[in-house]
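Novice: Protein chains in written order, with this note's numbering: chain A, 2 to 96; chain B, 665 to 1147. What follows is a single structure, and I will ask about it in a moment.
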Amino acid sequence: MSVTKKDVNYVADLARLKLSEEETESLANDMNQILDYMTTLEELDTSDVEPLEHVIDLEYRLRDDKAKEPLSHEDALKNAPDADTDYFRVPRVIE
Amino acid sequence: MSSSVNDNYEAVIGLEVHAQLLTESKAFAPVSTEFGGSPNTQVSPLCLGHPGTLPVLNENLVRYIIKMGLATNCDIARKSIFARKNYFYPDLPKGYQISQYDTPICHDGHIDITTDGVDKKIGITRIHMEEDAGKSIHDQDPFNTLIDLNRAGVPLIEIVSEPDIRSAKEAYEYLKRIKQIVQYLEICDGNMEEGSLRCDANVSVRPKGREEFGTRTELKNMNSFRNVERAIDFEIERQIELIESGGKVVQQTLLWDANKMETRMMRSKEEAHDYRYFPEPDIPPVVVTDEMLEDIKEELPEMPDVRKQRFIDEFDMSDDDAQTLTEDRYLADFYEEVLLHAGNPKAVSNLILTEVLRTLNDRSIGIKEFPISEERLAGLVQLREDDKINSSAMTEIYNAMLEEEKTAEELAKEMNLVQVSDTDFLEPIVDEVIEQHPDEVERYRNGKKGLIGFFIGQVMQRSQGKANPEMVREMISDRLEQE
Chain A
2 MSVTKKDVNY VADLARLKLS EEETESLAND MNQILDYMTT LEELDTSDVE PLEHVIDLEY
62 RLRDDKAKEP LSHEDALKNA PDADTDYFRV PRVIE
Chain B
665 MSSSVNDNYE AVIGLEVHAQ LLTESKAFAP VSTEFGGSPN TQVSPLCLGH PGTLPVLNEN
725 LVRYIIKMGL ATNCDIARKS IFARKNYFYP DLPKGYQISQ YDTPICHDGH IDITTDGVDK
785 KIGITRIHME EDAGKSIHDQ DPFNTLIDLN RAGVPLIEIV SEPDIRSAKE AYEYLKRIKQ
845 IVQYLEICDG NMEEGSLRCD ANVSVRPKGR EEFGTRTELK NMNSFRNVER AIDFEIERQI
905 ELIESGGKVV QQTLLWDANK METRMMRSKE EAHDYRYFPE PDIPPVVVTD EMLEDIKEEL
965 PEMPDVRKQR FIDEFDMSDD DAQTLTEDRY LADFYEEVLL HAGNPKAVSN LILTEVLRTL
1025 NDRSIGIKEF PISEERLAGL VQLREDDKIN SSAMTEIYNA MLEEEKTAEE LAKEMNLVQV
1085 SDTDFLEPIV DEVIEQHPDE VERYRNGKKG LIGFFIGQVM QRSQGKANPE MVREMISDRL
1145 EQE
């Protein structure tokens, strides 16, 4: 199986990325190389190996269910490209 | 459509229910989940999707979903992982929702429902943890969409049923059962109108006897229990009609329009959903230890069926009455709390099942909004039990208690309804009534015993309703029989 430029464009579209013709081509090449490498790994027998879900093997500590002081309303809106006094403002989503 | 055509088809329905959890803080950030705060005041950098932030899982999200899993006979995965569900929408600032994909924490369970007296098991495929998105407001600003991120990151559980449901009514019963369970567990308030319980339905039809499923549609936007039932009924009819007229069901998402009572197509998206799930790298696998599981099992409350049976056994209640009282956890709690203050279970359940339920119904409120406290209501029951008021006075005082924050005893005195059982007070009234109605006395003595009610009524009226009717009956019948 090899990655086509169409595949790259599809994924780029989902990620809202705009790629030039050259970028599309070079990414398709990169992806194919990665997949080729993976096929080498496939030669190993991994039937006894647990899937690795996380690279750091640690026992996860859960957080106590307590609410703390939130971000101030001013700080929350401060970095927004557009906002009114209460809300973040974005281009109209539905017609 | 004729029912004979409908009888040739069978509906196959699966429900996806989202329940917003009653945690104090969000799923991955220590920020309040309280409903109704001013816009964008319950947020942290994490809720806003700022770079450099890390999610830290709320213990109660895990505990609550395990409770739900245990209450719905699920297997609990000892190790489960979170996944990122990637899509772009302005109320999802991170660009992905943290959810679970191929290792839900609860799976392979079931609940029991009863529809028209028939019991049935509905399978639960999975229950998984995820976070809510923010709120988009489209109708306040003519040119923009406004975003409130207070709800972003509020913990949700998604309960996915097997396609075991065969009618809109079964779907309704299933949903009611889910609501009852989350309320008993106190993990969600179960309010569909306010969106703390949300339901999507996958609906398809097939000719009876066929194994394979028909093409399904997904119904959304059903924001009450009745609307779920109506929308599914409508969609089943629509699909059958379509097939009967030679058409084909198209797989699509439909919105229920409660005003027009019909489903309509959601604006179709440019591309098919492709969420590109992958393991959430910021949250290590969630491990459920034996100790944690045992601890949670111990915290489980008495569940509806067990409580119902206890009410039947302990309070000598009918099946129907016990069913009604335990349907809503808070009503059952209310009943038991009143009982702590007033001794007679039968008297308490009678009052709740008649007057109190009527009030809740008339005012369209839940027991939590009921204006009379358990103690005050117990006072009313006790007053009647002690024979200090008669039953019609009880209703009058009850109605007054709905409006005024006073005890039953205070109101009984104020309204002059304290029952008089004093013969010195009642005797002259009885004498007067008998003297003034010689004809009725004659007819009574000639065998028309039913007239006793007339005499009692007269005495009650003249005592302004205060007389103890039992006593009056005794006094009158004594007088009329002896002479």
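Where is the CB? At the ideal position from N, CA and C, for every residue including glycine. Source: prediction; values computed, not measured.
(1) Leaving aside the five residues before and after Gln1122/B along the sequence, list all residues of the same chain whose C-beta is less than 6 Å from its C-beta, in chain order.
(2) With 16 other CB atoms within 10 Å as the buried threshold, where does Met930/B fall?
(3) As an exercise, report each continuous alpha helix (DSSP H) stretch of at least 4 residues that is fully enclosed by the segment 1011–1083 of chain B, in chain order.
(4) Could you give the DSSP three-state label for Phe89/A: helix, strand or coil?
(5) Which stretch, first to last residue, makes up the beta strand (DSSP E) that contains Met793/B?
(6) Give a yes or no on contact between the segment 846–863 of chain B and the segment 825–833 of chain B, applying the rule of three or more CB pairs nearer than 8 Å.
(7) Does chain A have any CB closer than 9 Å to the CB of Asn737/B?
(8) So the candidates are Thr41/A, Asp8/A and Glu44/A; which of them puts its Cα closest to the Cα of Ala29/A?
(9) Is the CB-CB distance between Thr953/B and Arg742/B below 9 Å?
(10) When the Cα atoms are used, what is the spatial distance from Gly798/B to Glu698/B?
(11) Whole-angstrom Cβ separation of Ile775/B and Ile788/B, contact assumed at under 8 Å?
(12) Taking a Cβ distance cut-off of 7 Å, strictly less, list which residues of the segment 48–74 of chain A are near chain B, in chain order.
(13) Starting from Ser800/B, trace the beta strand (DSSP E) in both directions and tell me its first and last residue.
(14) Buried or exposed: where does Thr778/B fall if 16 or more other Cβ atoms within 10 Å of its Cβ makes it buried?
(15) Do Glu795/B and Gln761/B have their beta-carbon atoms positioned less than 9 Å apart in this structure?
(16) Could you compute how far the alpha carbon of Ile900/B sits from the alpha carbon of Val869/B?
(17) Is the Cβ-Cβ distance between Ile677/B and Asn866/B less than 9 Å?
(18) Taking 9 Å as the CB-CB limit, is Asp938/B close to chain A?
(19) Roughly how many angstroms lie between the CA atoms of Leu1017/B and Asp780/B, to the nearest whole one?
(20) Taking Cβ-Cβ distances shorter than 8 Å, what residues in chain B pair up with Asp87/A?
(21) Measure the alpha-carbon distance for Asp85/A versus Ser825/B and round it to whole angstroms.
(22) At the 9 Å Cβ level, is Asn80/A part of the contact set with chain B, yes or no?
(23) Where does Ser696/B land, buried or exposed, given buried means 16+ other C-beta within 10 angstroms?
(24) Any idea if Lys1032/B is buried or exposed, counting beta-carbon neighbours within 10 angstroms, 16 or more meaning buried?
(25) Under 8 Å Cβ-Cβ, which residues of chain B neighbour Leu15/A?
(26) From Arg1027/B to Phe692/B, what does the alpha carbon distance come to, in whole angstroms?
(27) Taking the continuous alpha helix (DSSP H) assigned at Gly759/B, which residues delimit it?
(28) What do you get for Ala16/A, buried or exposed, if any count of 16 or more other CB atoms within 10 angstroms of its CB means buried?
(29) Taking C-beta pairs closer than 9 Å, name the residues in chain A that His802/B reaches, listed in chain order.
(30) Could you please give the first and the last residue of the uninterrupted beta strand (DSSP E) stretch that includes Thr917/B?
(31) Residues bridged to Lys743/B by DSSP?
(32) Just the chain B side, please: which residues come within less than 8 Å of Ala77/A by C-beta, in chain order?
(33) State buried or exposed for Glu1078/B, treating a residue as buried only when at least 16 other CB atoms are found within 10 Å of its CB.
(34) Taking 9 Å as the threshold (C-beta atoms), are Met1065/B and Leu1047/B in contact?
(35) Can you grab the Cα-Cα spacing for the pair Lys785/B / Lys67/A, in whole Å?
(36) Report the three-state DSSP secondary structure of Glu934/B (helix, strand or coil).
Specialist: By the coordinates alone:
(1) Contacts found: Val1097.
(2) Answer is exposed; the Cβ neighbour count stays below 16.
(3) The qualifying runs are 1021–1027, 1038–1049, 1055–1067 and 1072–1078.
(4) In the structure shown, Phe89/A sits in a strand (DSSP, three-state: E or B).
(5) Here the beta strand (DSSP E) through Met793/B covers Val782 to Glu795.
(6) At 8 Å Cβ cutoff, the stretches do not touch.
(7) No, its Cβ sits nowhere closer than 9 Å to a Cβ of chain A.
(8) Put simply, of Thr41/A, Asp8/A and Glu44/A the residue whose alpha carbon is nearest the alpha carbon of Ala29/A is Asp8/A.
(9) Cβ distance < 9 Å, so Thr953/B and Arg742/B count as in contact.
(10) When rounded, the distance between both Cα atoms is 13 Å.
(11) A Cβ-Cβ distance of about 7 Å is found for the pair Ile775/B and Ile788/B, placing them in contact under the 8 Å criterion.
(12) Listed in chain order, the positions of the segment 48–74 of chain A with a beta carbon within less than 7 Å of a beta carbon of chain B are Glu54, His55, Ile57, Leu59, Glu60, Tyr61, Leu63, Arg64, Asp65, Asp66, Lys67, Ala68, Lys69, Pro71, Leu72 and His74.
(13) Annotation: the continuous beta strand (DSSP E) that includes Ser800/B extends over Lys799 to Ile801.
(14) Exposed is the call here.
(15) For Gln761/B and Glu795/B, yes; Cβs fall inside 9 Å.
(16) Spanning the two alpha carbons is a distance of roughly 7 Å.
(17) Judged by beta-carbon spacing, Asn866/B lies within the 9 Å limit of Ile677/B, meaning their Cβ atoms are closer than that value.
(18) Taking CB atoms only, Asp938/B has a neighbour in chain A less than 9 Å away.
(19) Roughly 21 Å separates the two Cα atoms.
(20) Simply Ser702, Pro703, Asn704, Leu810 and Asp812.
(21) Each residue's alpha carbon lies about 42 Å from the other.
(22) Chain B contact via Cβ: present.
(23) Buried, by the Cβ-count rule.
(24) With fewer than 16 other Cβ atoms within 10 Å, it is exposed.
(25) Those are Asn750, Glu935, Asp938 and Arg940, listed as they occur along chain B.
(26) Rounded to whole angstroms, Arg1027/B and Phe692/B show a C-alpha spacing of 39 Å.
(27) Note, Gly759/B: premise wrong, no alpha helix (DSSP H); not H, not E.
(28) Taking a 10 Å sphere around the C-beta of Ala16/A, we find fewer than 16 other C-beta atoms and assign the residue as exposed.
(29) Taking a Cβ-Cβ cut-off of 9 Å, the neighbours of His802/B in chain A comprise Arg93, Val94 and Ile95, given in sequence order.
(30) Looking at the DSSP string, the run of the beta strand (DSSP E) that includes Thr917/B is Thr917 to Asp921.
(31) According to DSSP, residue pairing for Lys743/B in a beta bridge involves Val951/B.
(32) In chain order: Asn704, Thr705, Val707, Leu712 and Leu813.
(33) By the 10 Å Cβ count, Glu1078/B comes out exposed.
(34) Cβ atoms of Leu1047/B and Met1065/B: not closer than 9 Å.
(35) For Lys785/B and Lys67/A, the distance between alpha carbons rounds to 38 Å.
(36) For Glu934/B, the predicted model reports a pLDDT of 44, less than 50, meaning its position is unreliable; a value from the coordinates is still stated below. In the three-state scheme derived from DSSP, where H, G and I count as helix and E and B as strand, Glu934/B is classed as coil.
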